[in-house]
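Student:
Residue numbers (my numbering): 628 to 818.
1) Using a Cβ-Cβ cut-off of 6 angstroms (strictly less than) and excluding sequence neighbours within five positions of residue 648, which residues of its own chain qualify?
2) Thinking C-beta only, is residue 664 closer than 8 angstroms to residue 671?
3) Check residue 809 in the structure and name its three-state DSSP category.
4) Would residue 684 pass as a contact of residue 695 if the rule is Cβ separation under 8 angstroms?
5) Once you ignore the five residues that flank residue 697 on each side, which residues in its own chain have a CB closer than 6 angstroms to its CB?
6) Helix, strand or coil: how does DSSP classify residue 680 here?
7) Within its chain, find whatever has a CB closer than 6 angstroms to the CB of residue 642; leave out the 5 residues flanking it on each side and keep chain order.
8) Using only the alpha-carbon positions, how far apart do residue 737 and residue 755 sit?
9) Can you tell which of 748, 701, 797, 752 has its C-alpha closest to the C-alpha of residue 658?
10) Counting only the same chain and skipping the five closest in sequence on each side, list residues whose C-beta sits under 8 angstroms from that of residue 668.
And the structure:
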């Protein structure tokens with residue numbers, strides 16, 4: 628023990644996440660992902676991309692900015708999935724997913740959904756464009772679930788048990804999303 632009373636206390640300030648080699652990416656159970664993705668009309672994907680890039684940056688020390696990569700996720704899906712595939716390979720785990728194909732499908736679905744959203748906002752083809760936009764969200768669900776399954780596998784938590792419980796924040800998002808779903812249905816049926 629140092630006798631210097633003016634010295635800052637020595638302690639290990641690294642988070643458990645950055646020390647844990649298994650938390651290279653954002654682990655979440657498929658059930659929790661599905662509920663949050665659907666409840667928030669897909670807005671959860673923004674948080675999901677952010678957390679994946681944040682975990683990646685913290686575990687590797689790479690200079691990546693999670694916020695812009697989440698906001699502009701359409702440009703970074705391929706890079707994220709490639710890094711997940713590299714992690715699977717480095718762990719010598721079964722890497723049977725075609726990460727590039729899945730990323731391309733997600734990008735294509737995102738583009739189609741954004742086009743449909745813009746058409747719906749301008750009331751072009753309404754209410755069909757509204758319904759088609761919502762339908763595209765459900766088209767993306769199995770794609771994101773496949774990616775999450777591979778992320779969980781790469782982090783040695785196949786079922787995502789370390790992040791399977793719903794927190795207070797999760798419940799708040801589910802409630803807010805449910806209210807938004809209610810507004811969507813009211814808007815569709817009143818138009």
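Just so it is clear, CB atoms sit at the ideal spot from N, CA and C, and this is done for glycine as well.
Tutor: Well, looking at it:
1) Caution is warranted here: a pLDDT of 49 is assigned to residue 648, below 50, making its placement in the model unreliable, and the coordinate value is therefore given only provisionally. So the list is empty, once near-sequence residues are dropped.
2) Yes.
3) Three-state DSSP puts residue 809 in a helix.
4) no
5) 673, 676, 677
6) helix
7) Unreliable placement is indicated for residue 642, whose pLDDT of 44 sits below 50; no coordinate value is reported for it.
8) Taking the straight line from one Cα to the other gives about 18 angstroms.
9) When each option's Cα is compared against that of residue 658, the closest is 797.
10) 761, 764, 804, 807, 808, 811
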